[in-house]
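Take the sequence shown: its position 152, counting from 1, is numbered 152 in the numbering used here, and each next residue is one higher. Report on the following structure.
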Amino acid sequence: MIIKSASFLQSNTNVAKLPKADKPEYAFIGRSNVGKSSLINMLTGNSKLAKVSATPGKTITINHFIINGEWYLVDLPGYGFAKRSQKDREMWKKMLDEYILGRQNLVMTFVLVDSRIEPQKIDLEFISGLGENQVPFAIVFTKTDKLSSTQLSANIGAYKKTLLKEWEELPTMIVTSSEKKIGRDEILDLIEKYNKAFN
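Okay, here's the thing in structure tokens:
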């Protein structure tokens with residue numbers, strides 16, 4: 001897929017006010033500071049599209065971007081950021097549940113996982129929740145350029161082993177690096193395939 005245009009559409013905390021559900025939609029989510037904004041900018045070829053912040057937990061809204069005038073890319077709030085109040089975390093969880101479980105045109109959720117660290121309980125619980133609710137998703141390993149190929153293989157192997165304790169078969173997994181543009185074609189090809197099926 002060639003990205004010809006990518007522009008910000010809206011930010012919202014009210015699921016009822018999201019754009020009309022008439023185009024295929026792909027959500028990106030992960031723990032705070034997983035490299036989500038960098039990945040979105042790499043995918044779209046626009047380094048300023050999603051705001052990259054040095055402060056974890058910066059995204060607190062559902063952010064819609066329109067790509068090629070044909071599909072929505074959605075930047076969701078990061079989860080697991082402890083410095084937010086309990087009230088804020090509960091509000092965001094309610095908003096995310098409403099969005100992920102109720103958004104009719106949500107084709108796939110890309111769950112971003114930091115390839116450098118061992119499987120985290122919060123990621124595994126989020127992934128399990130998607131599976132239990134039959135929400136289509138793919139796991140995207142980020143920051144893979146920070147590791148040797150041996151270490152990367154070991155870390156992803158550990159992730160697969162952990163998942164197979166509960167899953168009969170593994171979900172789609174994509175290895176990425178925003179700096180080296182690794183995984184860009186795989187994600188965009190997957191989106192293109194689902195766009196065709198949606199239409």
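Note that CB positions come from ideal geometry on N, CA and C, so glycine has one too. Owing to the predicted nature of the structure, the values given are computational and were not obtained by experimental measurement.
Contact set for T61: own chain, Cβ-Cβ below 8 Å, skip 5 residues either direction: The residues S11, N12, T13, P77, in chain order, have a CB closer than 8 Å to that of T61 in the same chain once the five nearest residues on each side in sequence are set aside.
With a threshold of 16 other CB atoms inside 10 Å of the CB of N133, please say whether the residue is buried or exposed. Around the CB of N133, fewer than 16 other CB atoms lie within 10 Å, so the residue is classed as exposed.
Rounded to whole angstroms, how far is the Cβ of V15 from the Cβ of Y99, which I believe are closer than 8 Å? Indeed they touch by this definition, with Cβ atoms about 5 Å apart.
State yes or no: is the C-beta of F28 within less than 9 Å of the C-beta of L112? Yes; because the gap between Cβ atoms is below 9 Å, this pair is in contact.
So, do the region 37–44 and the region 83–95 have three or more beta carbon pairs nearer to each other than 8 Å? no
When you compare the CB positions of F137 and M108, do they come within less than 9 Å of one another, or not? A contact, by the Cβ cut-off of 9 Å.
9 Å Cβ cutoff met for G30 and D114: yes
Is W71 buried or exposed, if buried means 16 or more other CB atoms sit within 10 Å of its CB? buried
Runs of beta strand (DSSP E) wholly within the region 121–185 (minimum 3 residues, chain order): 137–142, 172–175
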